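Notes follow once the structure below has been shown.
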Amino acid sequence: MSHETETFNAQAEVDRVRQRRAEARRKLYRKSRLDRYRAELVAMKQAGASCADLAEWLRTYHRLKIHRSSIDRYLKKLPELASPGEI
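Rendered as structure tokens:
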């Protein structure tokens, strides 16, 4: 940076640093093994299935061994199953 032609703009530098930090902070989405069964899982959960029921269904019909708590965490992140008060 040439000192004769440009002056230091502190606000612009702060904005650049904050933008770089925000990009570094962003979490990358990692595709879940449950994504391919999302529609079926949501439909079954809305029909009253428990997470243990869903884990058994995945193990029996899709040969996918996954714990019920993992299914519960996955379903809690889905907007289809969010409570009306949470949105």
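Residues 32 to 118 in the numbering used here are what the sequence shown lists, from first letter to last. Glycine included, every Cβ here is placed at the ideal spot set by N, Cα and C. The structure displayed is predicted, hence computed values, not measured ones.
With a 10 Å radius around its C-beta and 16 neighbouring C-beta atoms as the bar for buried, classify residue i as buried or exposed.
| i | result |
| --- | --- |
| A86 | buried |
| Y30 | Because the chain in this structure spans residues 32 to 118, residue 30 falls outside the shown range and cannot be described. |
| L89 | buried |
| Y60 | exposed |
For residue i, which residues from the same chain have a beta carbon less than 7 Å from its beta carbon, with the 5 sequence-adjacent residues on both sides left out?
| i | result |
| --- | --- |
| N40 | none |
So, at 6 Å on beta carbons, what are the nonlocal neighbours of residue i in its own chain, with the 5 sequence-adjacent residues on each side left out?
| i | result |
| --- | --- |
| C82 | R99, I102, D103 |
| I118 | The predicted model places I118 with a pLDDT of 49, which falls under 50 and marks its position as unreliable; any figure quoted below should be read in that light. Closer than 6 Å at Cβ, skipping near neighbours: no residue. |
First and last residue of the alpha helix (DSSP H) that includes residue i?
| i | result |
| --- | --- |
| C91 | According to the sequence as given, residue 91 is Thr; it is not Cys. Start and end: 82–93. |
In chain order, what residues of the same chain lie with their CB nearer than 8 Å to the CB of residue i, ignoring the 5 residues before and after it?
| i | result |
| --- | --- |
| R69 | L109 |
TODO: Examine the Cβ distances between the stretch 99–110 and the stretch 72–85 and report whether three or more of them are shorter than 8 Å.
DONE: yes
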